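**Student:**
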Amino acid sequence: MTIQMSAEQFNELINGIRDVARPREADLHPSSGTRHFSHCPARFDGSRNASSVEEFITTASLYKRLEKISDEDALETLPILLREEALTWWNGVRNSVNTWPAAVQLIRDAFAPRAPNHRLFKEIFDEPQGDEVSTDAYITRQRERLSRMSRQLDEQWQMDILYGLLRRRLRDRIARTEVDTFADLLHKARAVEESEREGKNSHAKPNGKGPKADENRSRGPRLRCDVCRAFGHDTTACRRRPRGPAPAPGPATRTPAEPVRCYGCNAPGVFRRNCPTCNTTDASQPARNMAFCALRSGTIQPRSRPAIHIKIAGEEGTGYLDTAACNSVASATLYRHLIKTGHKARTENVIATLADGTSKHLQVPAVTTKVGVQGRHVETTFIVLSDSCDTRTLLGADFIEDARIIPDLARRRFYFGGDITRTYPFVDVDGAEAPARKGVPTTIKEVRITQSEPMEAGDIEEGYGPPPPAPPKRDTSKGLVTPHGIWTTYQAPYATEHMWEDAETAMTTGEMDEYEMGLFPDGPRRLFITSLHLQANEGTGFTEPTRAKFDDLVDDFADAFEAHGPPTPYAEHRIDTGDHAPIAVPPYQLNATKKQLLKEEVEKMIQAQVIEECDSPWAAPIVLIPKKDGSVRPCVDYRKLNAVTRPDAYPLPRLDDLLHSVGPIGCMSTLDLQAGYWQIQMRPEDRDKTAFICPFGLFRFRRLPFGLRNAPASFQRLMDRFKSGLPNLTLLAYLDDLIVISADEESHLEHLREVFGRLRTFKLRVNREKCQFGCREVRYLGHVLSPAGIAADPNKVHAVTQMSAPRNVKQLQSFIQTCSWFRRFITAFATVAKPLCSLLKKDAAWQWDSTHQEAFEELKQRLADAPILRQANPEEPFVLRTDASAYALGAALLQGEGPEERPIEYASRLLTNHEQNYTTTEREALAIVWAVRRFRGYLEESSTVVITDHQPLRWLMTLKTPTGRLARWATAAAAVPPDHRIYAR
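FYI, in our numbering the residues of the sequence shown are 24 to 1008.
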């Protein structure tokens, strides 16, 4: 329809439209000079959500600024924007607010108070990206939390944190090194998510079957008979099912293998996992997901697991049916057998989902082979998860489905789909129940025992095993009969390694069937299994009865060997920094591998309650230090903190004092505290000072960390307090290394009981793997202690003798300091080392010549030939030999006479420039005085013979009116007991 109008009519129409579209001035400003929030879209109902609060404040503040609303009008009309709880709250606080910024801050404080940083970090890490959450929404929500922190992190830090929280599929397809900004990350993530959506949509299509296929699927699965394979009825209604009683469970005769058919659609000539109709593979998935877990309780009575006889590559064995495992898993033994028989292994990427829900991306070997079970042969792919000998072969859901096995756990049997009338029993391989010590039911997994007498020749000829090794032998048994034959059993010091970890069995009686009774008419035989707690290198100082007593002792104090526990209540570490301002040091850069290792270590420390999240003004960087066993130890760089910490003057024990306190050695045990420093708690007000920064947040220590300035002093103070309650035994304690020394094994057990009791009182725990009990020889602080005496550790000596000639002063200092650690073993150490020490003088020019090389080689040779130092016996007299040269003093403390004379300790030192001006007599006298002072701890309360090669010294002790230097020396020499004697030879 066409409308004709004049130009005047058209202008009137346009003006009318403008008047309708233009808001009236009265609506915008109802009164002259007044503006308000009536048209503001923001509304707030009082929800206590930081995002909602900030959204409301931002919108209202922006509207106020654009409309130029004054603070007075904004406060007056603010109730227009408030609803429910927010309006009620505002009516109560309105009179206390005069400005708009004050009102905004009041709203924030009431409905969205600022959360501390550690709580925000917890919220961030507690919410990893879910499978159904888009990356855009997830990054937006997490960055909003990061924006509310008091200390803003730069974009790279935020990227590191949020990248680690993305779901696994995104991280597998987007490397961290490929994205530098959030824009890059979101761009790539959108592409990946779009690809995933396309893949899901393509698999959701009915593949050309039309709506009817969807209609049929919605009706549910159709009934199908396992006997005749027809649809429409089940097995119970099948006319072809054989009538009459079902045969009893038991071994069945093998039947010819059926033609291979798909278990899903019954297609011939194909397995279900390879069937193009039933099996579709998402090409976008880089790895298969394999759910796997194996649980066994030590307290709940275990049920026998379903196991069946199988045959693979000509070898018969046993496999466990595991419906929870998507893939079949080969044991290490089976894997080696497959490789040996010519099977080819390939590498597969799998995602292992463990029992706790966590997933791990693994690259594992995979082998495809045929598995024979009751006459049927099923092609199965095995993956290998571990090379441990304790792993078992698991037949997963893939094998169970392809073999059409239907397990019946209640009746301990299984049958095949399509032939339910023939049943097969499970194999009982979980072991026999046996009574254990203290009434604890224990399942013996495998027993290895000692044969006390050789097998008869007839037994050997019949193939029962080779002749046993020669004596000595300990325990009693002639052999072990199994369903697979007779095992020849030999002495096995590692027998306990083949038992369950919670086994406490010391004795068990095994029942035998008629066949076994015929072989051993004297049965049933009794098997003795002892020494559950002693390792192979332990117990050399224990007899068999003492070993059993030691097992009982360890059982009584099992709490002393726990891995984790509360800190000791007898110590608390403090950090005194005075009024120094907090120090924050930026973190060190870590590569992706070290970040993952650090994350694992941080999680372990959080679970052990060693660290906790914090919001501290102090911060120190963290580094990873490799350990001897290949693992890493997280260490914090506290150098800045240590520089402002007031020192603790508590001394560490001297090595000389420790070795001097060693008495007669008959039996020894060493104890190593479990993460010793972590057993001491930090004073609560000083915990913030231990804070460290890492890619996963800011954490502080609840326990004493490594690297603090006064940590050794605090720990040694605890150890000395620990020792003070054990006055009747010899206990050496240098930081976390303890050694208990006893004269014989009987007293040693009592001493260990006292030490364990003291550990329980102090709530301290020891590391069983690093302890050694009942030993005749132990290594301690670079020395070897044995009943023969004290010797230098051969490993340390070998390291010194392999040193090459030093090339600078620093290397020479290191060599001399190392040798000086063992100077008690070296005669005339100072004399031999004098040429080397001359190079260490101030302003000395470095010039290595033949004199220095000879001294260097001589020191190494003397250390290699170092004697074993005898333990001092205070009941016997001491012999003190002294000597002096133009530039050095020497002394040797001995005990015994004639051929029985043995060294206790050697000592030597260089003369000062002033002392080198003494006369020969004065230097010889000085040697005696210095030696008496040096060995005062030995010589007090004991008779002593001083032997010198200077005859004039005999007048020193008979001088009636000594003066000056001689008077002082005569007084010092008087420290030797009154029955001293000085001989000149």
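The beta carbon of each residue, even a glycine, is placed where N, CA and C say it ideally should be.
Because the structure is a prediction, the values reported are computed rather than measured.
#1: Just to confirm my understanding: we take A631, look at its own chain, exclude 5 residues before and 5 after, and list those with CB closer than 7 angstroms. What are they?
#2: Indicate the three-state DSSP secondary structure (helix, strand or coil) for T364 in the structure shown.
#3: Should the segment 836-854 be called in touch with the segment 695-713, which here means at least 3 C-beta pairs below 8 angstroms?
#4: Count the other CB atoms, across all protein chains shown, that sit within 10 Å of the CB of V116; report buried if there are 16 or more and exposed otherwise.
#5: With hydrogens ignored, establish whether the beta-carbon of D425 is closer than 7 angstroms to any heavy atom of the ligand MN.
#6: What does the alpha-carbon distance come out to for the pair R88 and R190?
#7: Could you name the residues that DSSP lists as bridge partners for Y929?
#8: Cα separation between G909 and T942?
#9: When burial is assigned at 16 or more other CB atoms within 10 Å of the CB, is T591 buried or exposed?
#10: Between which residues of its own chain and R71 is the CB-CB distance below 8 angstroms, once the five residues before and five after are set aside?
#11: Per DSSP, which residues does E899 bridge with? Please list them.
#12: If you draw a straight line from the C-alpha of S737 to the C-alpha of E595, how long is it?
#13: Decide if G960 is buried, meaning its Cβ has at least 16 other Cβ atoms within 10 Å, or exposed.
#14: Give me the residue from T569, F405, F722, H603 with the minimum Cα distance to A666.
#15: Skipping 5 residues on each side, what residues in its chain have a beta carbon closer than 7 angstroms to that of P102?
#16: Using a Cβ-Cβ cut-off of 8 angstroms (strictly less than) and excluding sequence neighbours within five positions of E938, which residues of its own chain qualify?
#17: Can you tell me whether Y700 is buried or exposed, with buried defined as 16 or more other CB within 10 angstroms of its CB?
#18: Among all the DSSP beta bridges, which residues are the ones paired with E338?
#19: Does Q386 come out as helix, strand or coil in the three-state DSSP assignment?
#20: Taking the C-alpha atoms as reference points, what is the distance between K883 and G686?
#21: Could you tell me the distance, in whole angstroms, from the CA atom of V659 to the CA atom of M182?
#22: Considering just the uninterrupted stretch of the beta strand (DSSP E) at V646, what are its terminal residues?
#23: Fully enclosed by the segment 720-757, which beta strand (DSSP E) runs are 3 residues long or longer?
#24: Following the continuous beta strand (DSSP E) through P124, name the residue where it begins and the one where it ends.
#25: Per DSSP, what are the beta-bridge partners of S692 in this structure?
#26: According to the Cβ coordinates, are T569 and E777 closer than 8 angstroms?
#27: Taking the straight line between their C-alpha atoms, what separation do you get for G730 and L787?
#28: In whole angstroms, what is the alpha-carbon distance linking D96 and A73?
#29: With DSSP collapsed to three states, give me the class of R445.
#30: On the DSSP bridge assignment, give the partners of G398 in chain order.
#31: Using a Cβ-Cβ cutoff of less than 7 angstroms, which residues in the same chain neighbour F845 once the five nearest sequence positions on both sides are dropped?
#32: Report the start-end ranges of each beta strand (DSSP E) in the segment 800-844 that is 3 residues or longer and not cut off at the edges.
#33: Does the beta-carbon distance from G419 to S351 come in below 8 angstroms?
#34: So the candidates are W641, I335, C637; which of them puts its Cα closest to the Cα of T600?
#35: Do you know how far the Cα of L620 is from the Cα of T82?
#36: Along the chain, where does the alpha helix (DSSP H) containing F573 start, and where does it finish?
**Tutor:** Here's the rundown:
#1: Locating residue 631 in the sequence shown gives position 608, counting from the first residue. These residues qualify, in order along the chain: H587.
#2: For the purposes of this step, residue 364 is identified with residue 341 of the sequence shown, where counting begins at 1. Coil at T364, not helix or strand.
#3: No, the segment 836-854 does not touch the segment 695-713.
#4: One-based indexing of the sequence shown puts residue 116 at position 93. Residue burial is scored here from C-beta neighbours: V116 has fewer than 16 other C-beta atoms within 10 angstroms and is therefore classed as exposed.
#5: As for the ligand MN, it is missing from this structure, which has no ligand bound.
#6: As a working note, residue 88 is residue 65 in the sequence shown. As a working note, residue 190 is residue 167 in the sequence shown. The straight-line gap from Cα to Cα measures roughly 42 angstroms.
#7: Within the sequence shown, numbered from 1, the residue matching residue 929 stands at position 906. A915, per the DSSP bridge assignment.
#8: Numbered from 1 along the sequence shown, position 886 holds the residue referred to as residue 909. Numbered from 1 along the sequence shown, position 919 holds the residue referred to as residue 942. Note on identity: in this sequence residue 909 is Ala, with Gly being the wrong assignment. The alpha-carbon atoms of A909 and T942 are separated by roughly 9 angstroms.
#9: Numbered from its first residue, the sequence shown carries residue 591 at position 568. Looking at its Cβ environment, which holds 16 or more other Cβ atoms inside 10 Å, T591 is buried.
#10: In the sequence shown, the residue the question calls residue 71 occupies position 48. Cβ neighbours of R71 beyond the five flanking positions: F134, A135.
#11: Stepping through the sequence shown from its first residue, residue 899 is reached at position 876. Answer is none; E899 lacks a bridge partner.
#12: As a working mapping, residue 737 is identified with position 714 in the sequence shown. As a working mapping, residue 595 is identified with position 572 in the sequence shown. If I take the Cα positions, the gap works out to 8 angstroms.
#13: As a first step, residue 960 is located in the sequence shown; it is residue number 937 there, counting from the start. Exposed, because fewer than 16 other Cβ atoms sit within 10 Å of the Cβ of G960.
#14: Indexing the sequence shown from 1 puts residue 666 at position 643. It is H603 whose Cα lies nearest to the Cα of A666.
#15: Along the sequence shown, one-based indexing puts residue 102 at 79. Scanning its chain for C-beta atoms nearer than 7 angstroms, with the 5 sequence neighbours on each side dropped, one finds around P102 the residues L110, W113, in chain order.
#16: Taking the sequence shown and counting its residues from 1, one reaches residue 938 at position 915. For E938, where only same-chain residues beyond five positions count, the Cβ hits under 8 angstroms are R946, L949.
#17: As a first step, residue 700 is located in the sequence shown; it is residue number 677 there, counting from the start. Per the 10 Å Cβ criterion, buried.
#18: Within the sequence shown, numbered from 1, the residue matching residue 338 stands at position 315. Answer is I335, bridged to E338.
#19: What you label residue 386 is simply residue 363 of the sequence shown in a count that begins at 1. In the structure shown, Q386 sits in a strand (DSSP, three-state: E or B).
#20: For this step, residue 883 is matched to residue 860 along the sequence shown. For this step, residue 686 is matched to residue 663 along the sequence shown. When rounded, the distance between both Cα atoms is 29 angstroms.
#21: Counting from 1 along the sequence shown, the entry for residue 659 is found at position 636. Counting from 1 along the sequence shown, the entry for residue 182 is found at position 159. Cα-Cα distance, rounded: 23 angstroms.
#22: As a first step, residue 646 is located in the sequence shown; it is residue number 623 there, counting from the start. Residues 643-649.
#23: 720-724, 753-757
#24: Sequence index remark: in the sequence shown, residue 124 carries index 101 (1-based). Here P124 belongs to no beta strand (DSSP E); instead the alpha helix (DSSP H) covers 123-134.
#25: Locating residue 692 in the sequence shown gives position 669, where the first residue counts as 1. DSSP output for S692 lists V763 as bridge partner(s).
#26: In the sequence shown, counting from the first residue as 1, residue 569 sits at position 546. In the sequence shown, counting from the first residue as 1, residue 777 sits at position 754. Result no, Cβ atoms of T569 and E777 do not sit closer than 8 angstroms.
#27: As a working note, residue 730 is residue 707 in the sequence shown. As a working note, residue 787 is residue 764 in the sequence shown. Between the alpha carbons of G730 and L787 lies a distance of about 21 angstroms.
#28: Numbered from 1 along the sequence shown, position 73 holds the residue referred to as residue 96. Numbered from 1 along the sequence shown, position 50 holds the residue referred to as residue 73. Looking at the two C-alpha atoms, the distance is approximately 26 angstroms.
#29: Within the sequence shown, the letter at position 422 stands for residue 445. Strand at R445.
#30: As a first step, residue 398 must be located in the sequence shown, where it is residue number 375. G398 pairs with nothing; no bridge assigned.
#31: Locating residue 845 in the sequence shown gives position 822, counting from the first residue. Cβ neighbours of F845 beyond the five flanking positions: A815, L886, A889.
#32: 801-803, 806-809, 812-815
#33: Within the sequence shown, numbered from 1, the residue matching residue 419 stands at position 396. Within the sequence shown, numbered from 1, the residue matching residue 351 stands at position 328. Against a cut-off of 8 angstroms, the Cβ pair of S351 and G419 comes out as a contact.
#34: Here the question's residue 600 lines up with position 577 in the sequence shown. The candidate whose alpha carbon is nearest that of T600 is W641.
#35: By 1-based counting over the sequence shown, the position of residue 82 is 59. By 1-based counting over the sequence shown, the position of residue 620 is 597. Cα to Cα, the separation comes out at about 45 angstroms.
#36: The sequence position of residue 573 within the sequence shown is 550, counting from 1. Its alpha helix (DSSP H) spans residues 567-579.
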